[in-house]
Every structure is written in C-alpha cells, then in structure tokens.
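Residue numbers for the sequence shown follow our numbering, beginning at 4 and rising by one. Each residue gets a CB set at the ideal place from its N, CA and C atoms; glycine is no exception. In this text the structure is predicted, and so the values were computed from the model without any measurement. Only one structure is covered here, and it is reproduced in the block below.
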Amino acid sequence: MAGDNLHLASQGVSRRDFMKLCAALAATMGLSGKAAAEMAEAISHPQRPPVVWIGAQECTGCTESLLRATHPTVENLVLETISLEYHEVLSAAFGHQAEENKHHALEQYKGQYVLVVDGSIPMKDGGIYCMVAGEPIVDHIRKAAENAAAIIAIGSCAAWGGVAAAGVNPTGAVSLQAVLPGKTVINIPGCPPNPQNFLATVAHLITFGKPPALDSKNRPAFAYGRLIHEHCERRPHFDAGRFAKEFGDAGHRQGWCLYHLGCKGPETWGNCSTLQFCDVGGAWPVAIGHPCYGCNEEGVGFHKGISQLAHVENPTPRAEKPDVQLKEGGTVSATAVGLLGGVVGLVAGVGVMTVRELGRQQKKNDADSQGE
C-alpha cells in the first residue's frame with residue numbers, strides 16, 4: 004500500500020482522489036463500495052493492461068470524447084490506468100514507425116491486450132475504402148483480434164455501422180462483430196458514446212478479468228439497461244400530454260416533451276440523461292432542447308428521419324383513476340379517498356403522471372357546477 008501511495012504521489016495524484024475516481028467508476032456500473040476498493044487495487048497494480056486502439060471509418064469523435072473525460076483525465080488514463088500501446092491519433096510516431104509499434108505490441112502482449120476499434124469496417128470492393136500501410140483495415144483488425152484478451156467496439160460506427168452504413172452504404176460498411184464472427188465483441192454505441200461508459204467497462208475488465216453483464220446486443224447492461232425515455236427529465240411532460248410542436252414555441256421554451264419533434268428516447272436504450280456529458284449539469288441533447296437522435300440504437304440513429312415519430316417501445320401501463328365528482332360544498336366519499344390513495348401509490352411506484360386526464364375531469368366538473 005505504501006508503494007502504491009508513493010507511486011500515485013509521484014504522478015501528482017493523492018490516494019483520496021484516486022479512491023474517488025474508483026468509486027465514481029464503480030458507481031457508474033452500479034457496483035458496491037467493496038467493488039470500488041477491488042477496482043483501486045487492480046488499477047494501481049504496476050502491470051497495467053495493454054490496449055491497442057485501431058481506427059477504421061471514423062470521424063475521431065470517440066477519441067475526442069475520451070480526451071475530454073475527467074474521471075479519469077486522459078493523462079491519468081494513459082499513464083496510470085492502462086498502457087496505450089497503439090493509437091494512431093495519440094501516437095507520437097507515425098507511418099512505418101507507428102505500424103512497427105503496433106506489431107511489436109501484438110507480439111509482446113499476445114493474449115493479454117484489449118483491442119479497441121472505432122469506426123465501421125468497409126467490405127465493398129475488397130475493403131479498399133479504408134487502407135492502412137497498403138492493407139485493408141479489415142485485415143489489420145482480424146490480425147489484432149486473433150490474440151486479444153477482450154475486444155471493444157466503441158461508438159455506433161463500430162457497434163453497428165453508424166453513419167457510414169446509412170442509406171445506400173456505398174462502402175459496404177459493417178460492424179466490428181460482423182467481421183469477427185465467433186468472437187465476443189463488447190459494444191459501446193453512441194455518437195460519440197459517453198467516455199465514462201467506456202472507462203467503466205475497461206475498469207471492470209481490469210478488476211474482474213471479464214466483461215460486465217451484457218444485454219442481447221452485447222452492450223454493458225449498466226449503461227444500456229433502460230430506455231432513455233424512462234428516466235428522461237422531460238418524462239413528466241410526456242405523461243401529462245405537454246409537447247413542444249415546433250422549435251422555439253412556448254412548449255419548447257418551457258422544457259416540454261420533445262416527442263413530436265422527433266425525439267427517439269422512447270426506443271433508445273442508454274444512460275445519457277443520468278450520466279450526461281463532461282461533468283456539466285444538463286449537458287446532453289434533450290436537456291438543451293434537441294430531441295434524442297437514437298444514436299445508440301441500430302436501425303434508429305442515421306436511419307429514421309430526424310422528425311419521424313419514435314415507436315414507444317415500453318409504454319407504461321395506464322393508471323386507473325377514481326371517478327371523483329365533487330361539486331361545490333360536497334364531500335368526497337371514503338371509497339373515493341381509498342381509490343385515490345391507491346392511485347397515488349401506483350403513481351409513486353411507476354412514475355406515471357396523469358395531469359392531462361385529471362385536468363379534463365376538473366374542467367368537466369367546473370362546467371357542471373356552472374350549469375347548475
């Protein structure tokens with residue numbers, strides 16, 4: 004422990020700050036404090052896991068997102084958490100020297116390194132649309148995957164083809180999993196994905212020697228286990244029937260639901276609204292007034308029209324409401340009170356608001372009162 008503290012201190016990192024980092028990563032995955040301690044022990048081990056990062060058809064957005072991470076910062080990630088053996092964007096070397104470094108890492112750390120790929124892989128015309136050192140990128144990826152301890156597809160392009168696979172798909176772009184049949188590929192989609200989801204996944208691999216629990220699309224369940232719609236800050240407006248109809252209208256300015264502007268949150272799985280971006284409160288598309296584009300979801304982002312209405316995948320069951328018809332000077336029966344109490348409990352349990360229907364009932368009651 005003393006040696007670890009001295010090593011951290013030599014890098015300008017206190018033990019307290021380091022433990023906060025590990026606790027944050029553990030919390031991202033929904034793990035306990037004990038897991039955070041195990042993570043700290045694994046990450047502080049002098050033998051850092053080697054990482055080989057290969058870019059295919061990509062815009063470098065995934066790397067840019069990672070460069071802006073703060074838990075940990077990219078310098079702590081590269082110098083303390085992992086051993087980044089190859090990354091063409093972050094490498095000091097280039098050309099043949101960079102390729103030599105990659106081949107050396109693949110041989111030296113055979114069976115130990117984590118392979119990370121961003122960008123889709125072009126397969127049309129022999130893969131000529133993305134060439135590195137005179138070879139199609141698909142050949143580089145397949146060689147690197149042969150002896151990888153774990154394989155991660157970061158970003159929507161690597162996870163399912165992304166923007167390059169949209170429309171007519173002129174390059175024949177496919178996902179990483181499509182070119183590595185039989186291999187387990189951990190998908191971390193997003194355009195770009197939140198770097199915290201990637202870092203937490205790597206921390207889990209380092210700590211436990213295996214991937215975190217994955218969903219049916221091989222995405223980490225801690226990050227993609229719930230629909231964005233289910234924990235969106237504008238969800239109460241959806242349930243109440245309050246929708247923005249045009250950008251800049253009164254509803255849009257008041258923060259109402261963006262469903263009718265094409266928000267894809269009801270059919271997109273992710274933790275965007277809870278994790279957000281860059282440690283800035285409200286830093287995710289819906290919070291700043293733009294509909295979710297569905298970039299996490301194959302067949303949604305880059306495929307559906309921006310204003311096309313989303314399919315509500317898991318509609319919350321409608322709550323039954325008591326028929327309370329209270330006239331001025333009247334009283335509410337015990338039965339109605341009991342029913343209303345049941346509704347309140349149901350609302351608290353499933354997070355459903357029924358303001359629109361209750362409002363209609365109130366208007367009806369008011370009209371009846373005025374007519375008498």
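Item, Value
"Straight-line gap, residue 166 to residue 275 (C-alpha atoms, nearest Å)", "20 Å"
"Sequence ranges, alpha helix (DSSP H) only - wholly within the region 170-258, length at least 4", "179-182, 198-211, 224-227, 238-243, 253-256"
"Short Cβ contact (8 Å threshold) for residue 137 with residue 91", "no"
"Alpha-carbon spacing of residue 141 relative to residue 161, whole angstroms", "12 Å"
"Integer-rounded CB distance, given that residue 123 should sit under 8 Å from residue 304", "That belief does not hold up - the Cβ atoms of residue 304 and residue 123 are roughly 13 Å apart, past 8 Å."
"Close-in-space but distant-in-sequence residues of the same chain around residue 192 (CB under 6 Å, 5 per side omitted)", "159, 162, 299"
"Range covered by the beta strand (DSSP E) that runs through residue 99", "It is not in any beta strand (DSSP E) - residue 99 instead sits in the alpha helix (DSSP H) that spans 99-111."
"Which listed residue (222, 267, 157) has its alpha carbon closest to that of residue 194", "157"
"Distance, residue 295 Cα to residue 67 Cα", "20 Å"
"Backbone CA spacing between residue 85 and residue 230 [nearest angstrom]", "31 Å"
"Collapsed DSSP secondary structure at residue 77 in the structure displayed", "helix"
"Residue 144, buried or exposed, once every other Cβ within 10 Å from all chains shown has been counted against 16", "buried"
"Assigned exposure category for residue 164 - 16 Cβ within 10 Å defines buried", "buried"
"Residue burial classification, residue 212 (beta-carbon count within 10 angstroms, cutoff 16)", "exposed"
"Same chain only: Cβ atoms within 6 Å of residue 240, ignoring 5 sequence neighbours per side", "259, 260"
"7 Å Cβ shell around residue 315 - same chain, five flanking residues per side excluded", "269"
"Residues sharing a beta bridge with residue 260, DSSP", "246"
"Inter-residue CB distance, residue 197 and residue 278 (contact presumed, cutoff 8 Å)", "5 Å"
"Alpha-carbon spacing of residue 130 relative to residue 174, whole angstroms", "8 Å"
"Member of 227, 245, 89, 176 whose CA lies at the smallest distance from the CA of residue 271", "227"
"According to DSSP, residues forming a beta bridge with residue 58", "121"
"Proximity winner among 139, 190, 252, relative to residue 225 (alpha-carbon distances)", "190"
"Heavy atom of the ligand COA within 7 Å of residue 229 beta-carbon", "Looking at this structure, you won't find the ligand COA or any other ligand, since it has none at all."
"CB of residue 69 within 8 Å of CB of residue 201, strictly", "yes"
"Range of the contiguous alpha helix (DSSP H) that encloses residue 313", "Element bounds for residue 313: n/a, residue is neither H nor E."
"Buried versus exposed call for residue 216 [16 or more other C-beta atoms within 10 Å across all chains shown]", "exposed"
"Alpha carbon of residue 309 to alpha carbon of residue 288, nearest angstrom", "13 Å"
"Span separating the alpha-carbon of residue 103 from that of residue 139", "17 Å"
"Span separating the alpha-carbon of residue 248 from that of residue 273", "25 Å"
"Residue burial classification, residue 83 (beta-carbon count within 10 angstroms, cutoff 16)", "buried"
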